[in-house]
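Residue numbers (my numbering), protein chains in the order written: chain D, 17 to 555; chain S, 25 to 489.
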């Protein structure tokens with residue numbers, strides 16, 4: 017099937033009122049690889065227009081749900097009316113593995129101040145303080161995180177002052193987040209706010225040393241479907257000590273101690289790059305982007321870690337693990353590839369996943385024809401090289417940029433600039449960089465930021481892909497149209513999909529989906545075949 | 025389960041925080057109601073996160089597409105007001121969806137600001153050159169007050185209030201029709217209510233009706249707004265009905281659509297408990313007989329007979345079993361009424377809702393019980409757990425939504441998932457709770473769940489039970 021993406025784009029845009037048409041036109045881009053090495057500019061991280069059915073969430077969702085929530089022993093307390101707390105209760109399926117049955121795990125709990133009308137009128141700080149005391153006496157946590165929802169900022173409750181007061185009273189770490197839902201463009205704003213909180217209130221609080229030689233943190237890995245467990249296993253088999261993960265299967269203590277690592281590995285660039293940057297500035301820990309989604313990508317990322325530590329023993333162990341795992345992957349890959357070769361996929365997830373998962377599809381011969389992020393920024397699409405030219409808009413200005421300086425005692429550059437330069441020259445590894453999604457996609461692929469429900473229908477009609485990957489909000493509409501939808505936020509409660517074992521799971525799951533035969537029953541035998549679908553969206 | 029907090033020692037402490045809630049917020053209920061109107065699109069006036077969260081929540085129960093638009097407040101909007109966003113939002117959503125009606129609900133944010141919805145919508149309607157706007161209705165749903173059930177019922181009333189026109193009987197209905205306001209029930213329940221009314225030859229306006237919009241077939245040509253829902257003509261004609269039936273003993277008298285139609289248009293309002301089990305279904309069928317002038321069709325008499333027969337057959341398994349029932353108030357009242365008929369002992373009936381009528385309603389449907397059930401309104405799951413421990417209630421099974429799963433697991437007893445939300449099992453929208461037929465299915469489900477426990481938890485290896 018051949019679709020001219022330029023024509024399709026114009027067709028999609030034509031129903032929009034004029035101003036909206038222009039704006040969406042800048043967010044729907046046909047990819048190309050220019051001679052100077054650049055890709056086209058895409059408008060991203062700008063507000064969704066009112067009345068567009070966006071798939072984006074809010075600042076609170078990014079802060080509480082994505083970044084802080086997966087940490088099992090930080091007690092989350094939501095300050096606001098009940099809904100926000102209820103809707104964010106155990107929705108993302110972040111797995112965690114407490115050290116013992118008695119160890120603290122608050123992931124199953126949903127605590128809220130459940131603000132009532134009188135709290136809105138007279139202020140909710142008193143109630144919040146009491147709720148913090150209750151939470152403390154009930155659970156005796158090491159730390160309590162307070163999350164603000166929309167009305168809190170509006171009525172002027174000072175969650176930070178309450179946090180300070182309660183911290184002094186109760187003697188545990190208590191901190192607040194001004195992550196009201198209206199604050200940012202999307203959940204991305206909440207990621208940034210959460211990153212700031214992690215950095216200000218947790219990272220660096222524990223100096224326990226570790227004797228191991230190769231110490232890393234894994235940033236932006238949330239252990240959906242047990243991805244984090246797979247990666248912990250791989251890294252430990254290679255002899256690499258993982259101090260902390262941000263924030264899947266993490267604890268307060270591991271994060272507090274994370275500045276003792278010698279390298280930060282960044283998985284989800286969008287949600288956690290701020291922590292990586294700040295840790296490098298304050299503690300001297302370099303960071304590099306890795307991708308553990310896809311077997312070849314995993315192998316490549318592991319080899320880069322080996323190069324960084326410049327240790328032959330480590331490199332040898334890494335090669336052993338790769339060899340052992342690749343054999344298993346290739347066996348499944350060959351079978352699945354023969355059944356999936358030439359099929360097409362679309363990916364609309366996250367701030368890195370829509371990029372990472374293309375690798376997995378490539379490994380089974382499938383091509384990603386259209387992709388986009390829900391809450392990515394231009395650097396996630398075009399690469400961090402566009403950062404210096406990015407304009408800071410009003411929404412981003414609302415979010416604190418922490419001015420980080422080297423820690424007078426603890427700043428210890430793990431590698432000199434010369435060593436870094438040498439490493440970068442020797443291998444294709446790059447530090448503090450992310451190449452972005454578009455340079456690794458084909459020319460003529462469509463890239464759509466913040467795709468709406470209407471646009472989704474139009475591209476599905478035009479391309480009829482073999483699979484659409486997104487989340488639960490898209491899933492059932494897409495499937496009504498006869499196209500399987502794989503949830504890549506929750507993995508449809510399957511997975512893991514990371515690393516080598518994860519790749520095998522993914523191949524099998526995709527095979528099952530794209531070769532599903534159920535839709536042949538859609539038209540009953542007594543009904544004459546329907547005509548070609550009409551252009552319904554533009555009527 | 026790790027880190028299970030110890031039950032509080034002090035009796036009934038006054039918890040300030042809500043710990044594992046049994047309730048969602050009001051706009052969610054309103055959005056669900058708007059989805060039950062033909063050609064309508066729900067719209068939330070507030071931050072975009074509200075629409076996203078409620079969409080994903082409703083979708084995980086119904087497993088159907090659920091589009092909700094939003095005015096997408098920014099920081100500036102919260103300061104300067106949301107009129108511009110509202111108007112833009114209405115324009116944009118109209119250009120994509122061409123809805124016949126947009127059902128707007130406010131959120132805690134816009135209610136805190138005090139947005140003048142009447143004024144803004146009036147201005148919007150009055151702008152020049154826009155003749156074929158969709159109809160606009162709105163409901164005030166401050167999320168800091170009440171629950172999703174209050175939002176649901178308030179939306180039903182708001183829609184009826186804003187669309188009702190006196191003397192406007194659509195010809196299809198002639199004059200002999202009734203309004204039926206079922207409350208938050210499943211898509212299957214709604215289909216059942218339509219079937220019953222049709223079998224009584226009683227024309228009925230069922231509102232809301234998401235029986236098709238939230239449980240539709242696979243389709244070759246995707247429709248952004250699915251077919252089905254209560255028609256606008258029918259909603260306009262509600263004042264011409266000969267009566268309104270509203271289901272739910274805990275409905276707030278002054279705030280329902282039926283009470284509005286009674287006060288304003290003298291349409292007699294008949295309030296019946298949610299027809300779950302024999303007693304409540306009997307009242308419902310009696311009302312239908314009276315309103316339609318027809319005897320209950322044989323089909324239902326036989327269903328009732330089979331149900332009684334099953335109650336007898338299953339009595340030995342259920343008698344004296346202790347049940348914990350958690351959920352939306354009217355659902356709990358109905359389920360308690362049903363269980364009490366079968367010989368089950370409801371030991372605790374609990375709800376996150378707080379209508380003020382819950383305890384009275386439970387008492388009304390359990391008069392024949394030797395031990396009255398304990399009733400707790402406006403509670404959360406941790407308070408329920410503490411009550412159970414404190415009073416040593418030892419339930420044999422739990423009936424509740426998916427949210428009760430953790431509690432049931434801690435108690436080591438089975439959870440029978442009924443009501444809303446059910447997001448860890450498939451088919452929540454297809455559970456039939458209502459009528460004799462619904463009770464039959466519930467009865468078999470309850471008995472079989474207990475038999476499974478009996479079979480699995482001993483070494484005898486029963487193969488006949």
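Backbone N, C-alpha and C define an ideal beta-carbon position, used for all residues, glycine too.
Strictly below 7 angstroms CB to CB, what residues from chain S border residue i?
i              : result
residue 163(D) : By Cβ distance, chain S contributes nothing, its closest Cβ being about 12 angstroms from residue 163(D), past 7 angstroms.
residue 497(D) : 246
residue 199(D) : 99
residue 143(D) : 40
residue 456(D) : Within 7 angstroms Cβ-Cβ: nothing; residue 456(D) doesn't reach chain S, min ~29 angstroms.
Can you tell me the Cβ-Cβ gap for residue i and residue j, rounded? I've got them flagged as a contact below 8 angstroms.
i              : j              : result
residue 131(S) : residue 230(S) : Actually they are not in contact, since the Cβ atoms of residue 131(S) and residue 230(S) sit about 27 angstroms apart, beyond 8 angstroms.
residue 93(S)  : residue 133(S) : Not quite, the Cβ-Cβ distance comes to about 16 angstroms (not below 8 angstroms), so this is no contact.
residue 66(D)  : residue 109(S) : 4 angstroms
residue 445(S) : residue 473(S) : Actually they are not in contact, since the Cβ atoms of residue 445(S) and residue 473(S) sit about 20 angstroms apart, beyond 8 angstroms.
residue 244(D) : residue 265(D) : 5 angstroms
residue 133(D) : residue 168(S) : 6 angstroms
residue 285(D) : residue 397(D) : 11 angstroms between Cβ atoms; not a contact.
residue 397(S) : residue 360(S) : 7 angstroms
Helix, strand or coil for residue i, going by three-state DSSP, please let me know.
i              : result
residue 369(S) : strand
residue 415(S) : helix
residue 472(S) : helix
residue 135(D) : helix
residue 314(D) : helix
residue 35(S)  : With a pLDDT of only 45 at residue 35(S), under 50, the local geometry of the prediction cannot be trusted, and no value is derived from it.
residue 349(D) : helix
residue 212(D) : helix
residue 342(D) : helix
residue 203(S) : strand
residue 219(D) : coil
residue 229(D) : coil
residue 263(S) : helix
residue 555(D) : At residue 555(D), the pLDDT of 37 sits below 50, so the modelled position is not reliable and the matter cannot be decided from this model.
residue 536(D) : helix
residue 230(S) : strand
residue 21(D)  : helix
residue 79(S)  : helix
Going along chain D in order, which residues have a C-beta closer than 9 angstroms to the C-beta of residue i?
i              : result
residue 113(S) : 65, 66, 67, 68
What in chain D is Cβ-close to residue i, meaning under 8 angstroms?
i              : result
residue 496(S) : Nothing about residue 496(S) can be reported from this structure: the residues present for chain S run from 25 to 489 only.
residue 47(S)  : 98, 102
Give the interface partners of residue i over in chain S, defined as CB-CB distance under 9 angstroms, in chain order.
i              : result
residue 533(D) : Per Cβ cutoff of 9 angstroms: no residues; residue 533(D) is ~13 angstroms from chain S at best.
Quick one: list the residues of chain D neighbouring residue i, beta-carbon separation under 7 angstroms, in chain order.
i              : result
residue 120(S) : 31, 470
residue 17(S)  : Residue 17(S) falls outside the range modelled here, since chain S spans only 25 to 489, and no answer is possible.
residue 109(S) : 66
If the cut is a Cβ gap below 8 angstroms, which residues of chain S does residue i touch?
i              : result
residue 488(D) : 80, 83, 84
residue 61(D)  : Near residue 61(D) there are no residues of chain S at all, since even the closest Cβ is about 13 angstroms away, more than 8 angstroms.
residue 167(D) : 132, 133, 136, 168
Could you tell me if the beta carbon of residue i falls within a distance shorter than 7 angstroms of some heavy atom in the ligand SAM?
i              : result
residue 286(S) : As far as ligands go, the structure on display features none, and thus does not contain the ligand SAM.
Legend entry - chain D contacts made by the stretch 234 to 246 of chain S, where a contact means CB separation under 7 angstroms: Listed by position along the chain: 242, 243, 244, 245, 246.
Inset, instruction - For the stretch 77 to 100 of chain S, enumerate the residues whose C-beta is nearer than 9 angstroms to any C-beta of chain D, in chain order. - result: Answer in chain order: 77, 78, 79, 80, 81, 83, 84, 86, 87, 88, 89, 90, 91, 92, 93, 94, 95, 96, 97, 98, 99, 100.
Inset, instruction - Below 7 angstroms between beta carbons is the criterion; list the residues of the stretch 413 to 431 of chain S that meet it against any residue of chain D, in chain order. - result: 430
Legend entry - Near-chain D residues of the stretch 448 to 459 of chain S (beta-carbon distance less than 8 angstroms), N- to C-terminal order: Within the stretch 448 to 459 of chain S, no residue qualifies.
Inset, instruction - Give, in chain order, every unbroken run of the beta strand (DSSP E) that is at least 3 residues long and sits entirely within the stretch 373 to 423 of chain D. - result: 383 to 388
Inset, instruction - Starting from the N-terminal side, write out each stretch of the alpha helix (DSSP H) that is 4 residues or longer and does not extend beyond the stretch 126 to 185 of chain S. - result: 132 to 137, 141 to 150
Inset, instruction - Compile a chain-ordered list of the residues in the stretch 162 to 173 of chain S whose CB is closer than 9 angstroms to at least one CB of chain D. - result: 166, 167, 168, 169, 171, 172
Inset, instruction - Please list the segments of the beta strand (DSSP E) lying wholly inside the stretch 429 to 492 of chain D, counting only runs of 3 or more residues, in order along the chain. - result: Fully contained in the stretch 429 to 492 of chain D are the following beta strand (DSSP E) runs of length 3 or more, in chain order: 462 to 464, 483 to 486.
Legend entry - Selection of the stretch 411 to 431 of chain D by Cβ proximity to chain S, strictly under 9 angstroms: 411, 414
Legend entry - Near-chain S residues of the stretch 127 to 138 of chain D (beta-carbon distance less than 8 angstroms), N- to C-terminal order: 127, 128, 129, 130, 131, 132, 133, 135, 136
Inset, instruction - Pull out every residue of the stretch 204 to 217 of chain D whose Cβ sits closer than 8 angstroms to any Cβ of chain S, in chain order. - result: none
Inset, instruction - Scan the stretch 90 to 120 of chain D and note each continuous beta strand (DSSP E) run of 3 residues or more that stays entirely inside, going in chain order. - result: 90 to 95
Legend entry - Within the stretch 118 to 198 of chain D, ranges of the beta strand (DSSP E) (whole runs, at least 3 residues): 159 to 164, 189 to 193
Inset, instruction - Within the stretch 283 to 365 of chain S, note down every full beta strand (DSSP E) run reaching 3 residues or more, in order along the chain. - result: 293 to 296, 346 to 350
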